[in-house]
Each structure stands twice: as C-alpha cells, then as structure tokens.
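Residues in the sequence shown are numbered from 1 upward in steps of one, following UniProt numbering.
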Amino acid sequence: MNNKFNEKIKEVSEYTKIKPAIGRPGMTFCPRINVYDPDAPKNSKHDIHDTIKIKFTTNDASNTIKVTTNSLGLITTDFPSSSIENAASKTADLIKNILLYEIKKLKQSVFARNKQKNKWEQLLTLEYSHQYLINLSLIKEGYSDKAFDWDIESSIRDYLNPFLSKLKSSSSFKITSQIQNAVKLEIPVINNNGSFSIQTKNIPNFINSAEWNFASTEPTVPSIQLVVFIPKKSTSPLFLSNSDGKNSETNSFLLPQWGGIYVYNPDYNKYEKSTTDPKIKLSKEDLKPVFEVFVTQLRKLIGLGDYSLESSISLDNLNNELKLDLNFADIGTGISFWEIRFLETKYSISNIIQSIDLLLSLDKLTSSMESIVILDKIKFFVDESLANLEALRIAHADNSQPSNILLVSALAKKLASEAFFDPSMVSMLYFPTEHKYAIYLPYFFPAMIPVLVCAIGIYKEYKKTKNNAKIKTQ
C-alpha cells in the first residue's frame, strides 16, 4: 500500500521542482514533500518539522474516499481497500495543488523581485534574520491626565508567545517593553463633533522620533516596533481616517520594515470612577484586540500578509468520488504548519539567491581589478559559502532534504556578505589604480626632479661628445 502512495508522490515531486533558467547560475529546488506514515518510528529520517505528513487507513464500510487536512500538516486519507489506486492518485492531486500554490507565491515574492506589482511587498517585508528584537511600547499623549500602565507580561504570554513559538525553527525572538507617558503628538488632529481623527496622509509623520525613544537594546539585531498609542482625554476618541472620511476598521497602521502602531481609545470616565490609583492599568482583556492586530501586522512584516491557501488552491480535478474536509488555518496561534513551511522555503530560496548574487559580484569586482589584494580571511569566507551552497545543491539534487536547510542557506548568505562587505574589500571599491597614481606621485615627484635634471645633462653631454667626434672625423 505504501508503494502506491510513494509512486504518486514522487511524480508530484518531479512535477513541482523549481529549476533555474538556462544560462543562469542557480540550483534545482525540490519542495519538501516527503510523505510518510505518522505511525512510523519517530527516528525516521523523514521526521522533519516542515514535512507534509500523510496517514492512510482502509475503511470498507464506506465507498467514498475521504481526505482530511489540518493546520499541523497532517493529511489523512480514508478509503475502501478496493480504491487504493484512486485514493493515492487523489491524495497526490491535492498535494500537487498545495505545492503549485506555494510555487506561485514563491515566484511572486522571491523570483519576481523586480516587477512593479511586488514592490510594496518588498518594501514592507523584513529581511530574514535568525534573531529579532520585538519592542512593545505604550505611548501616552499629554501631561495633565493620569499615567498609564499595562498587564504586559500575561498579554505577551497568552497572545504573542503562541505565535512566536511556532517560528522558533526559523528565528528566535527577544521581547522588551517600555512605557512613555506625557509625550507630544506633532501632527494635526481634526475635531468631528465630539470625536477626533487623523488623516492617513499625515501618518508618515505620526512617529515623533525626536521625543519618542525607540532605541534598540541590541543594535546589531533587527528590531520590530509594536506601539500602543493612547491619545489624551481632550482628543479622545481618536480615529484614523482616509481622504473620504472613512475610519480605519482596526484603528492601526503599519510602517514598512519598522513595525505597527495601534491607536487605543480608553474609556477615561470608566477608569477614573473605578479607581483612585494615580495610574490607569490596562488589563490583559483590554489588550486582547490590540495583540490580535499586532499578530496580523507581524504576519505582514514576515511576508504572510496575503497568504491564503484555502481560497486559492484549485480542486477542479478532484471529482465527486472524493469527500474533502480541508482545514489549513490555525486560529489559536495565528500561523499554521502550511504557512511556516512556505515561509521557511521562501527564506531559504531568498538566502540562496542573495548568496549567489554576492559571490558573483565579488568575482566581478576582483576580475576587474588586477592589482587587488585578497586576504586569506576573504578566501575562507568564499570557500565556506560555496561549500554550504554545494551541500544544498547536492541535497536538492537527490531530494535528501536536510532538516537544517534554512540555517545552511542563512550561513551561506552570511559568509558571502562578510566576504563582499569586508572593510578591506569595500575600500577597494573606492580605490582604483588611477587613485594610486594620484596619491603616490606627489611623494616620488620631488625625488624624480634631480634624476631627470642629471639625465638631461648626461644626454646633452653625450650629444656634444658625439658631435665633436663627427667634426674630427671630417
């Protein structure tokens, strides 16, 4: 029974391979579609966190093939024993549809980087890093109102950590938080008969970087800023509105490669009546809608903004003999197995492409400058980067699928970047041969003047002697 399924899956694997264009450097990329029985021993070589898992069971009490998917990457195929061939074929067709959607999204986000329609996604999405710093900030406008506090620890634990824990195989996240009271908003606020609004055209100037402190505690690590902004009582409730006067549904906005801002309107009267505490504390329940928006913003920043497998796969080739129960989303954590799988594939391919581009640029640079000096450490970086790329090429060629493909591709990119952007190489970019003449000639020219004067004197003496010899001969 296993052989029937394996044969069909192998066909899908060959069909969905991504191959480089003829004449362009690259490698064949084979999607991870090793399918195995979850009941097999856990030490199986295919027991990889982002491998599609399939469980097939016979059920002669029904004449219908039933295929069920869940958010954890498990595909369960239930079929009568007489329909094993058809069950294998239909399961393979479903997986093929899933992979074709993945390839479509990869082409849009990675392979078509120069197309205008993808410019916004490129500007919005963060570059891959094995570590990020998330800084959560509570910003309170005004001086006269009460200061604010928040139940941030339990909110992070219950609302943010479930999402981030799903990404631990690709990146680690460090979270910091801060509160800034009595800040000033520098953009104009429009009074709309009791409610207030900020037009979206002024959003780029919303962040008052001169007074609001978003300095990172780890400057070498990419940071993501998630800000809760609380307007002062005199301009609350405050809404974000477009040019047509329509308010934002989430009252939030996203700044590309920086983070997100949520404008929170507290019920000042409620808090002032219910407590005599000098501070108003936002509870975990108060912050729930805020963190729901933050998770959505994080999805967009890492490149999952428009990923929708459920509404995009085509199932026209799956006939009525098949009963489908498809569930790809994970409402509890905000990210599913299928999205993590796509994200890691996207990051891996992007790292490989950037590694190759950097190495080709380095080769072009060194070939164009014959006198350039290549340090031993540069050679080491290049050799190690090539070794990692070669390991990936071999793995994809025989479909062995290493479990650490993302880490290997990230290491290849890191080594290629260190080689290309090494200070000794960067200085050569702005120090061509012509500059050497301009720099060293002033040092040698004063010494060359006496030599030239002597040479000219010797030449004149030689000419004079030669002329005298001719006269005597005559």
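Glycine included, each C-beta is placed from N, C-alpha and C at the ideal position.
These numbers come from a predicted model, not from an experiment.
Rounded straight-line distance, which links the Cα of residue j to that of residue i
{"i": "Pro-231", "j": "Ala-391", "result": "54 Å"}
{"i": "Tyr-101", "j": "Ile-139", "result": "41 Å"}
{"i": "Leu-123", "j": "Leu-301", "result": "10 Å"}
{"i": "Lys-377", "j": "Glu-127", "result": "26 Å"}
{"i": "Ile-340", "j": "Leu-167", "result": "7 Å"}
{"i": "Ile-280", "j": "Phe-148", "result": "5 Å"}
{"i": "Gly-73", "j": "Leu-287", "result": "31 Å"}
{"i": "Ile-372", "j": "Ser-361", "result": "15 Å"}
{"i": "Phe-294", "j": "Ser-62", "result": "45 Å"}
{"i": "Phe-163", "j": "Glu-292", "result": "11 Å"}
{"i": "Ser-283", "j": "Ser-248", "result": "24 Å"}
{"i": "Lys-414", "j": "Ile-353", "result": "12 Å"}
{"i": "Gly-457", "j": "Ala-469", "result": "18 Å"}
{"i": "Asn-135", "j": "Ile-207", "result": "15 Å"}
{"i": "Pro-442", "j": "Leu-359", "result": "37 Å"}
{"i": "Val-453", "j": "Tyr-437", "result": "22 Å"}
{"i": "Ser-154", "j": "Ser-137", "result": "15 Å"}
{"i": "Asp-422", "j": "Phe-239", "result": "48 Å"}
{"i": "residue 477", "j": "Val-67", "result": "The structure shown has nothing for residue 477, since the chain only spans 1 to 474."}
{"i": "Ala-455", "j": "Phe-444", "result": "16 Å"}
{"i": "Lys-323", "j": "Ser-109", "result": "33 Å"}
{"i": "Ile-52", "j": "Leu-94", "result": "12 Å"}
{"i": "Ile-75", "j": "Lys-55", "result": "6 Å"}
{"i": "Pro-289", "j": "Ile-224", "result": "19 Å"}
{"i": "Thr-333", "j": "Asn-242", "result": "31 Å"}
{"i": "Asn-269", "j": "Phe-229", "result": "18 Å"}
{"i": "Thr-345", "j": "Gly-303", "result": "12 Å"}
{"i": "Lys-233", "j": "Leu-254", "result": "24 Å"}
{"i": "Glu-384", "j": "Ser-417", "result": "12 Å"}
{"i": "Ser-308", "j": "Lys-96", "result": "16 Å"}
{"i": "Ala-215", "j": "Ser-165", "result": "25 Å"}
{"i": "Asn-467", "j": "Met-369", "result": "49 Å"}
{"i": "Ile-175", "j": "Leu-411", "result": "24 Å"}
{"i": "Trp-212", "j": "Trp-258", "result": "14 Å"}
Buried versus exposed call for residue i [16 or more other C-beta atoms within 10 Å across all chains shown]
{"i": "Gln-297", "result": "buried"}
{"i": "Leu-375", "result": "exposed"}
{"i": "Met-448", "result": "exposed"}
{"i": "Ala-92", "result": "buried"}
{"i": "Ser-209", "result": "exposed"}
{"i": "Ile-261", "result": "buried"}
{"i": "Pro-446", "result": "exposed"}
{"i": "Tyr-462", "result": "exposed"}
{"i": "Pro-450", "result": "exposed"}
{"i": "Tyr-440", "result": "exposed"}
{"i": "Tyr-459", "result": "exposed"}
{"i": "Asp-267", "result": "exposed"}
{"i": "Glu-310", "result": "exposed"}
{"i": "Ile-356", "result": "buried"}
{"i": "residue 490", "result": "Since the first residue shown for the chain is 1 and the last is 474, residue 490 is missing from the structure and cannot be characterised."}
{"i": "Phe-380", "result": "exposed"}
{"i": "Glu-141", "result": "buried"}
{"i": "Asn-59", "result": "exposed"}
Start and end residues, beta strand (DSSP E) containing residue i
{"i": "Val-67", "result": "65-69"}
{"i": "Trp-150", "result": "147-150"}
{"i": "Ala-87", "result": "Taken as a continuous stretch (DSSP letters only), Ala-87 belongs to no beta strand (DSSP E), being part of the alpha helix (DSSP H) at 84-106."}
{"i": "Thr-176", "result": "172-183"}
{"i": "Lys-140", "result": "131-141"}
{"i": "Thr-77", "result": "74-79"}
{"i": "Gly-334", "result": "Segment: none, Gly-334 is in no beta strand (DSSP E) and carries neither H nor E."}
{"i": "Leu-240", "result": "238-241"}
{"i": "Gly-260", "result": "259-263"}
{"i": "Phe-328", "result": "First-last for Phe-328: undefined, no H or E at that position."}
{"i": "Leu-226", "result": "223-230"}
{"i": "Thr-58", "result": "53-58"}
Unbroken alpha helix (DSSP H) run spanning residue i, endpoints
{"i": "Asn-161", "result": "161-165"}
{"i": "Val-408", "result": "405-420"}
{"i": "Leu-359", "result": "337-368"}
{"i": "Val-293", "result": "284-301"}
Proximity to residue i [Cα-Cα], best of the options
{"i": "Pro-237", "options": "Ser-283, Ile-190, Ala-87", "result": "Ile-190"}
{"i": "Tyr-143", "options": "Lys-184, Ile-103, Lys-105, Gln-131", "result": "Lys-184"}
{"i": "Pro-256", "options": "Asp-383, Ile-95, Thr-125", "result": "Thr-125"}
{"i": "Asp-407", "options": "Asn-388, Leu-365, Asn-467", "result": "For the sequence presented, residue 407 should be read as Leu rather than Asp. Of the candidates Asn-388, Leu-365, Asn-467, the one whose C-alpha sits nearest the C-alpha of Leu-407 is Asn-388."}
{"i": "Thr-220", "options": "Gly-305, His-130, Asp-330, Ile-152", "result": "His-130"}
{"i": "Trp-150", "options": "Tyr-264, Thr-58, Gly-259", "result": "Tyr-264"}
{"i": "Asp-306", "options": "Trp-258, Ser-89, Phe-342", "result": "Phe-342"}
{"i": "Phe-420", "options": "Ser-368, Asp-363, Asn-467", "result": "Asp-363"}
{"i": "Thr-217", "options": "Tyr-132, Asp-145, Gly-259, Asp-325", "result": "Tyr-132"}
Contact test: residue i Cβ vs the ligand FMN heavy atom, cutoff 7 Å
{"i": "Leu-74", "result": "Because no ligand of any kind appears in the structure shown, any question about the ligand FMN cannot be addressed here."}
(message) For the region 347-358 against the region 173-185, do three or more pairs of beta-carbon atoms, one drawn from each stretch, fall closer than 8 Å, so that the two count as touching?
(response) Contact check between the region 347-358 and the region 173-185: fewer than three CB pairs, one atom from each, fall below 8 Å, which does not count as touching.
(request) Report yes or no: do three or more beta-carbon pairs, one from the region 192-204 and one from the region 160-174, lie closer than 8 Å? (result) Fewer than three pairs of CB atoms, one per stretch, sit closer than 8 Å, so the region 192-204 makes no contact with the region 160-174.
(request) Could you say if the region 180-197 and the region 159-166 meet the contact criterion of at least three C-beta pairs nearer than 8 Å? (result) Touching, no.
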